[in-house]
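Under numbering that gives the first Met the number 0, think of the first position of the sequence shown as 0, with each following residue one higher. Backbone N, C-alpha and C define an ideal beta-carbon position, used for all residues, glycine too. This structure is a prediction, so every number in the text was calculated from the model and none was measured. Take a look at the structure below.
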Amino acid sequence: MSHLHLHIAAEHTSLAAQQQRTSMPVGWQTALASRKQPALPTAAALELAIMQVEDAISANWPQRLMLATVSSSDPAIYQIATLSGLAAEHGSQLGRHSVEGLFSRLANAVEGGSAAGLPDGAEFIGSLLILRELLHHLDIAAITLVSPAT
Numbered sequence: 000m001s002h003l004h005l006h007i008a009a010e011h012t013s014l015a016a017q018q019q020r021t022s023m024p025v026g027w028q029t030a031l032a033s034r035k036q037p038a039l040p041t042a043a044a045l046e047l048a049i050m051q052v053e054d055a056i057s058a059n060w061p062q063r064l065m066l067a068t069v070s071s072s073d074p075a076i077y078q079i080a081t082l083s084g085l086a087a088e089h090g091s092q093l094g095r096h097s098v099e100g101l102f103s104r105l106a107n108a109v110e111g112g113s114a115a116g117l118p119d120g121a122e123f124i125g126s127l128l129i130l131r132e133l134l135h136h137l138d139i140a141a142i143t144l145v146s147p148a149t
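Take a look at the structure:
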């Protein structure tokens, strides 16, 4: 079984193994590039961002990663874990279902529902969107939280 490390940067997203890194040219900042101010995106902007991320995933990772374990030390992934009700600590597993639940809250908020407790920053929203799409399209069951390298 291969192990991959996920990193969602401002302008790219990468999955790296021991000796190999693949990435797509979409990051948390570029996922919602038309968003200029700190506020939730519109429903149309969110839908467009989803399509762009899906296209980038398909172009860069045409295969599913069913046998891979994936970890991340990104602060935004830790924030997503916390907002999903998970203890954000080394070794915790952030599952697809938890990410979907948090994304559903975001989707509801952009449609006019309550945004209580949801950050409106680009890094959080872009990272949540990218993480959700990666988990779904690459068939990743969970992300293991790991401490940042020192």
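Bounds of the beta strand (DSSP E) holding residue 21 are 20-23.
Put simply, of 64, 88, 79 the residue whose alpha carbon is nearest the alpha carbon of residue 116 is 79. Distances from the alpha-carbon of residue 1 to those of 27, 63, 43 put 63 closest. Annotation: the stretch 44-107 contains the following complete segments of the beta strand (DSSP E) (minimum length 3 residues), in chain order: 68-71, 92-94. Rounded to the nearest angstrom, the Cβ distance from residue 98 to residue 55 is 18 Å, too far for a contact under 8 Å. Around the beta carbon of residue 41, a 10 Å sphere encloses fewer than 16 other beta carbons of the protein chains shown; the residue is thus reported as exposed. Of all alpha-carbon atoms in 128, 4, 96, the one lying nearest the alpha-carbon of residue 39 is that of 128.
Inclusion of residue 122 and residue 75 in the CB contact set at 8 Å is warranted, their separation being smaller than that value.
According to DSSP, residue pairing for residue 114 in a beta bridge does not occur.
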